[in-house]
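Residue numbers for the sequence shown follow the working numbering, beginning at 168 and rising by one.
Beta carbons: idealized from backbone N, C-alpha and C, even for Gly.
Model, not experiment: these values are computed from the prediction.
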Amino acid sequence: MSLGAHLVELRKRLMFAALALLVGMVVAFIIADPVIHLITEPIRIIADKRGDQFSALNFGTITSAFDMRMRIAFSIGLFLSAPVWLWQVWAFIMPGLTRKEIRYTIGFVAAAVPLFFAGCYLGIMIMPHVIELMWSFTPDGGTNFYQAQEYYDFIFKLMIVIGISFVLPVFLVALNLAGIMSGRAILKGWRVAIVIATVFAALATPAADVVSMLMLAGILIVLFFAAAGLSLIFDRRKRKRDAASGLLPDPV
Numbered sequence: 168m169s170l171g172a173h174l175v176e177l178r179k180r181l182m183f184a185a186l187a188l189l190v191g192m193v194v195a196f197i198i199a200d201p202v203i204h205l206i207t208e209p210i211r212i213i214a215d216k217r218g219d220q221f222s223a224l225n226f227g228t229i230t231s232a233f234d235m236r237m238r239i240a241f242s243i244g245l246f247l248s249a250p251v252w253l254w255q256v257w258a259f260i261m262p263g264l265t266r267k268e269i270r271y272t273i274g275f276v277a278a279a280v281p282l283f284f285a286g287c288y289l290g291i292m293i294m295p296h297v298i299e300l301m302w303s304f305t306p307d308g309g310t311n312f313y314q315a316q317e318y319y320d321f322i323f324k325l326m327i328v329i330g331i332s333f334v335l336p337v338f339l340v341a342l343n344l345a346g347i348m349s350g351r352a353i354l355k356g357w358r359v360a361i362v363i364a365t366v367f368a369a370l371a372t373p374a375a376d377v378v379s380m381l382m383l384a385g386i387l388i389v390l391f392f393a394a395a396g397l398s399l400i401f402d403r404r405k406r407k408r409d410a411a412s413g414l415l416p417d418p419v
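Below is the structure:
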């Protein structure tokens, strides 16, 4: 294909992806109320515990309530339309890939997408404990006014950060398949990996929420060792194939 044909193809794929995102946003905008009810549940729990009817989600401007619904619609719409726009990206790059690259890409996406959503789900599970813990530092007589924009940004960033952290072990396996890092090299860095996972968990969760921090750090460490173990298996298979084809040097 010529450069112009590639650009036409790219425009077509982008239009389909944008249309899918728009449809997803419309659906998400309709179901925004249950989502808002879910993410504001910790605020209602806090209000019941303190007996303070003033602890609530606040909208400081005329358009802030609409802005929050649009943010939710975009985020959820992006997830709902993911099968469509992921397919459009895949359909655009697939003709330029070899059969081996196609197989690796499919495996990468099949592993990364579920792990990302699992991380987002864990973020939702941690979120109420984080908010309640932060509320516990409010002095007696104080009232918590949660601004809608900052409240939503906190929850969204928490989900995205934890979701991406769950995908990082897949990148380690990808580096191994690309021949950049061996399984032994990945496993040798287990001490550094534990330190990084612990520090990341401490930054992603409040310092006083030890349970959430240990849970997140433990999952990340398990995923790291799973990636290292899988890389060792791939290395062993590669050595067997090389030995069968006579690519390995004869032992002295």
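Answer yes or no: do residue i and residue j have a C-beta to C-beta separation smaller than 8 Å?
{"i": "Ile244", "j": "Gly191", "result": "According to the sequence as given, residue 244 is Gly; it is not Ile. Yes, these two residues count as a Cβ contact at 8 Å."}
{"i": "Ile353", "j": "Ala393", "result": "no"}
{"i": "Ile489", "j": "Leu383", "result": "Residue 489 is absent from the structure shown; the chain starts at 168 and stops at 419."}
{"i": "Ile388", "j": "Ala360", "result": "yes"}
{"i": "Val334", "j": "Leu397", "result": "no"}
{"i": "Tyr319", "j": "Met235", "result": "yes"}
{"i": "Ile298", "j": "Pro209", "result": "yes"}
{"i": "Ile206", "j": "Ile322", "result": "yes"}
Distance, Cα to Cα, residue i vs residue j?
{"i": "Val362", "j": "Gly350", "result": "19 Å"}
{"i": "Ala187", "j": "Leu253", "result": "11 Å"}
{"i": "Ile331", "j": "Leu344", "result": "20 Å"}
{"i": "Leu381", "j": "Leu390", "result": "14 Å"}
{"i": "Met294", "j": "Ala185", "result": "30 Å"}
{"i": "Ser412", "j": "Gly346", "result": "18 Å"}
{"i": "Ala279", "j": "Asp215", "result": "39 Å"}
{"i": "Glu317", "j": "Leu224", "result": "10 Å"}
{"i": "Tyr271", "j": "Phe246", "result": "23 Å"}
{"i": "Asn400", "j": "Met301", "result": "It should be noted that the sequence gives Ile, not Asn, for residue 400. Using only the alpha carbons, I get a separation of about 44 Å."}
{"i": "Met348", "j": "Pro250", "result": "31 Å"}
{"i": "Ser303", "j": "Ala258", "result": "50 Å"}
{"i": "Leu325", "j": "Phe367", "result": "12 Å"}
{"i": "Ala232", "j": "Trp357", "result": "46 Å"}
{"i": "Ile260", "j": "Ile269", "result": "10 Å"}
{"i": "Ile364", "j": "Ile386", "result": "Rather than Ile, the amino acid found at residue 364 in this sequence is Ala. In a straight line, the C-alpha of Ala364 is about 9 Å away from that of Ile386."}
{"i": "Val337", "j": "Ser379", "result": "23 Å"}
{"i": "Phe226", "j": "Thr265", "result": "52 Å"}
{"i": "Pro306", "j": "Gln255", "result": "52 Å"}
{"i": "Ala285", "j": "Lys267", "result": "28 Å"}
{"i": "Ala277", "j": "His173", "result": "27 Å"}
{"i": "Pro262", "j": "Leu189", "result": "27 Å"}
Tell me whether residue i sits in a helix, a strand or coil according to DSSP, three-state version.
{"i": "Asp409", "result": "helix"}
{"i": "Leu177", "result": "helix"}
| Does the stretch 170 to 182 come close enough to the stretch 287 to 303 that 3 or more CB-CB pairs lie under 8 Å? | Touching, no, given that fewer than three Cβ pairs across the two stretches are closer than 8 Å.
| field | Every unbroken alpha helix (DSSP H) inside the stretch 280 to 356 [4 residues or more] | value | DSSP runs (the alpha helix (DSSP H)) wholly in the stretch 280 to 356: 315 to 344 and 350 to 355.
| query | Pairing CB atoms from the stretch 395 to 408 with CB atoms from the stretch 305 to 321, are three or more of them under 8 Å? | reply | Judged by Cβ distances under 8 Å, the stretch 395 to 408 makes no contact with the stretch 305 to 321, as fewer than three pairs qualify.
| Does the count of Cβ pairs from the stretch 235 to 244 and the stretch 193 to 204 closer than 8 Å reach three? | With a cut-off of 8 Å, the stretch 193 to 204 and the stretch 235 to 244 count as touching, because enough Cβ pairs lie within range.
| task | Just list the alpha helix (DSSP H) runs in the stretch 234 to 278, keeping only unbroken ones of 4 residues or longer that don't cross its boundaries, in chain order. | result | Every unbroken stretch of the alpha helix (DSSP H) spanning 4 or more residues and falling wholly within the stretch 234 to 278 is given here in chain order: 249 to 260.
| message | Just to confirm the assignment: which complete beta strand (DSSP E) runs, minimum length 3, are found wholly within the stretch 187 to 219? | response | Secondary structure in the stretch 187 to 219: no beta strand (DSSP E) run of 3 residues or longer lies completely within the stretch.
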